[in-house]
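Just remember that the numbering used here sits 857 ahead of the position in the sequence shown, which is counted from 1. Just so it is clear, CB atoms sit at the ideal spot from N, CA and C, and this is done for glycine as well. Since the structure comes first, as C-alpha cells, the remarks are kept for the end.
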Amino acid sequence: MADNHTMEENLAAAQASLQRFADAPLLHLINGAKVPSASGETFANQSPIDGMHLGDVASGDAADIDAAAKAAAAAFVEWGSTPGVERKRVLHRVADLIEEHAHDIAVTECVDTGQTMRWMSHAALRGAANFRFFADQAPGANDGQSLPTPDHVNYTTRHPIGPVGVITPWNTPFMLSTWKIAPALAAGCTVVHKPAEWSPFTAAMLSEIALEAGLPAGVLNTVHGLGETAGKSLTEHPDIKAIAFVGESATGSMIQAQGAPTLKRVHFELGGKNPVIVFDDADLERAVDAAVFMIYSLNGERCTSSSRVLIQDTVYDQVTEMIATKMKNVPVGHPLDPTSIIGPLIHPRHHDKVCSYVDIAESEGATVIRGAEWADAPEGGNWVAPALFTGANNDMRIAQEEIFGPMLTAIPFTDEADAIRIANDVPYGLAGYLWTGDVGRAHRVAHALEAGMIWVNSQNVRHLPTPFGGTKSSGIGRDGGDWSFDFYMETKNIAVSFGNHNVPKLGG
Ligand code: NAD
C-alpha cells in the first residue's frame, strides 16, 4: 500500500500526535490503566531532528515492573485458557486498528526515531501484518504431534509458558515490538513490554490500540524506563517466565546473567555485521541496488543491513564505483519528507558513535567516500551523510564492528574459498547475502556461511512463516512461523498405555 501523504500532511499529523506527548508525561500502561511511576520519576525524550524536547516519560523501576508483572500473572489465568479462535478475533481487531492509525503511527515513529516516512509507512503496516499472521496461527497453537508405539500412544500438546517480558530497541520500534508481542499474545502468554527509552512513543500507541481492540486489562502492559533499571528488573522478576529481547549483543549477555537466578528462558535477536558477497558472474546492477538498499535505507540502523560488501577482485573497482555513484544520490532529508531516504540518527550518542567510524576508517588506511549532506538540516539534530569505505580488509574495525549507521565497508576477495573465509571471520552471524550466476556455487556458499538467514540474489525479503534469527553473537533462537510458538509455549508429552504392556512386578 503506497503512502501518498505530502510533507505538509505528514507535518500536521506529527504535530497533532506530538501534542499529546508534550502536554503531559507519557505514563505506563499497567493492568489497563495509565499510571505514573511509583517513584514519580520521569526522563526526557528529545527529537533526533533538532534536539528539541519532545516530552517527559515515566521512568519505571522495580516497583513498576513488579506491579506490571503481577498484573500480567493475574491476567494469564484467563488469557492463557481463552480459546485460540477468540484470541484470533481480538488480535485481528488489533491489526484493524493499527491499519486505521497507520499514518499517525508512522509519523510519530519518524519524529521519535529519525527514520524516514518512506520506510516507516511500511513498518506501521508490517506491524498490522505481524498481528494478522500470528492471529491466524492462534487456533492451532496448542496442537501437537501423535507419536504412537505398539503399546502406548504418545501425543504432545503445547501450553503458553506464562507472563513474558519483551524488551525492544529503537531502530524500528513499533514494527519490532509487534513482531515479539503478537506471537506471545497469540500463544496465550501475557506480556510486560519495556520499550527503548530513546523511542517510547509508538509503544504507548500500541498498548492503547490493544486495549481498544478488546484485549483484556493486564494482558499487555507497557513499562517505560531505562535498561539498567526497568529492563533489568523485568529480567529478574520471578513471575516472568521468559524474556524476548531485541538489541545489542552486549546487552544480551547482561540479560542472560540477570535472568540466570530465576532460570529465564531467553530469546535473543542481536547485532550483525552481515556480508553481501558479489561474485563477478552476478547481475552486478541488481547486486549493487540490493547492497545500496540494505545499508542506506532505514538510516543503516537495521540488524540485517549489508554492512560489509565483499566483492570479487576482478570487479572490485567497477562495483565500488557503481555503489559510490548511487550512494551520492541517496537523499538525506527531513524524516517526514516523502522523498527523504536517510533521516537523522536516533540520539547524539549514537550519532557520535557512527560518525567516529569515519575517523577510524581513515586511521586504518581505508578510503572514505562520502554522500551528500542535507544543506537545510536543522541545527541540533543528529544528521549524518552516508559513507562508503573502500580499500578495506576484514581485520579493520570498520569490518568487524557493528556501526549501525549508513556506512558500508567494501572488501575485495579472490575466489569462493576466500569469500567464505572473510564472510565468516566476524563474531556475528545474523544474515548473509550472495550474488552469483552459478547455481551450484550459490548453494555451496549458502551452506558454508555462518548465519541464520541467507538470501541468494536478493535483498532481505521477508516471508513471515520462515525462521528469523542469528547464530554466534547475533542471537539465540528463531522467530517466525511456528518457531515463535516454540519459544512462548511449553511442550508436554502425554503417554497413554493401551493397557496390555508389561508393568514390572517388584516385591511379589
Ligand atoms: P540496546 O541493547 O542498547 O537496548 C535494547 C533494549 O534493551 C532497550 O529497551 C534498553 O533499555 C534495554 N536494556 C539495556 N540494558 C538492559 C539491561 N541491563 N537489562 C535489560 N534491558 C536492558 O540496543 P539498541 O541500541 O536499542 O538497539 C540496537 C541494537 O539492536 C543493534 O545491535 C541491532 O543490531 C540490534 N537489533 C537486532 C535485531 C535482530 O533481529 N537481530 C533487530 C533490531 C535491532
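Remark: fewer than three beta-carbon pairs, one from each stretch, lie closer than 8 Å, so the region 1028-1041 and the region 899-916 are not flagged as touching.
For Gln876, the secondary structure class from DSSP, reduced to helix, strand or coil, is helix.
Inter-residue distance for Tyr1153 and Pro1263 is about 5 Å (C-alpha atoms, whole angstroms).
Under the 10 Å beta carbon count, Val1296 is surrounded by fewer than 16 other beta carbons and is classified as exposed. Of the candidates Asp1233, Ala932, Ala1087, the residue whose Cα lies closest to the Cα of Ser894 is Ala1087. In this structure the region 1211-1218 does not touch the region 885-901; the number of beta carbon pairs closer than 8 Å is below three. Judged by the Cβ position, Val934 fails to qualify as a neighbour of ligand 1 at the 7 Å threshold, every heavy atom of the ligand being at least this far. Annotation for Leu1077: no alpha helix (DSSP H) segment contains it, though the beta strand (DSSP E) segment containing it runs 1077-1079. Under the three-pair Cβ rule at 8 Å, the region 1326-1339 counts as touching the region 1120-1140. Exclusion of the five residues before and after Phe991 leaves Ala1039, Pro1040, Ala1043 as the residues of its chain whose Cβ lies within less than 6 Å of its Cβ.
DSSP links Ile1268 through a beta bridge to Leu1167. With respect to Arg1165, Pro1132 sits close: the two C-beta atoms are nearer than 8 Å. Secondary structure in the region 1092-1120: the beta strand (DSSP E) runs of 3 residues or longer, each lying completely within the stretch, are 1099-1103 in chain order. Taking the Cβ of Val1103 as the reference point, at least one heavy atom of ligand 1 falls within a distance shorter than 7 Å.
Not a single heavy atom of ligand 1 lies less than 7 Å from the C-beta of Cys1046.
Rounded to the nearest whole angstrom, the CA to CA distance from Ala980 to Glu866 is 19 Å. Residue burial is scored here from C-beta neighbours: Ile1351 has fewer than 16 other C-beta atoms within 10 angstroms and is therefore classed as exposed. Annotated as proximal: Gly1289 and Ala1280, with beta-carbon spacing under 8 Å. Taken in chain order, the whole beta strand (DSSP E) runs of length 3 or more contained in the region 1175-1249 are 1224-1227, 1244-1247. Closest by C-alpha distance to Trp1027, out of Val1172, Ala930, Phe1355, Val968, is Val968. Ligand 1 has no heavy atom closer than 7 Å to the beta-carbon of Trp1240.
A residue is called buried once 16 or more other Cβ atoms fall within 10 Å of its Cβ, and Glu1236, having fewer, is exposed.
Its chain contains Asp1008, His1009 as the residues whose beta carbon lies nearer than 7 Å to that of Ser1354, once the 5 sequence neighbours on both sides are disregarded; these appear in chain order. In this structure, DSSP gives Trp1312 an extended state, which the three-state scheme calls strand. Leaving aside the five residues that flank Ala1234 on each side, the residues in its chain whose CB is nearer than 7 Å to its CB run, in chain order, Trp1240.
As a beta-bridge residue in DSSP terms, Phe1325 pairs with Asp1336.
For the pair Ala870 and His1016, the CB atoms are not nearer than the 8 Å cut-off.
Counting only residues of its own chain and dropping the five nearest sequence neighbours on each side, Thr1348 has a CB closer than 8 Å to the CB of Gly1001, Thr1013, Thr1014, Arg1015. Shown here, Leu1287 sits in coil according to DSSP, grouped into three states, outside any helix or strand. The C-beta of Val1360 has fewer than 16 other C-beta atoms within 10 Å across all chains shown, which makes the residue exposed. In this structure, Lys1349 has its beta carbon at no less than 7 Å from each heavy atom of ligand 1. A distance of 8 Å or more separates the beta carbons of Pro1269 and Ile1198. Of the other Cβ atoms in all chains shown, fewer than 16 fall within 10 Å of the Cβ of Glu935; this residue is therefore exposed. Membership of His1304 in the alpha helix (DSSP H) is indicated by the continuous run 1296-1305. In the three-state DSSP reduction, Phe1125 falls in the strand class (E or B). Around Trp1055, the same chain offers Trp1027, Ile1203, His1204 as residues with beta carbons nearer than 7 Å, after the five sequence neighbours per side are excluded.
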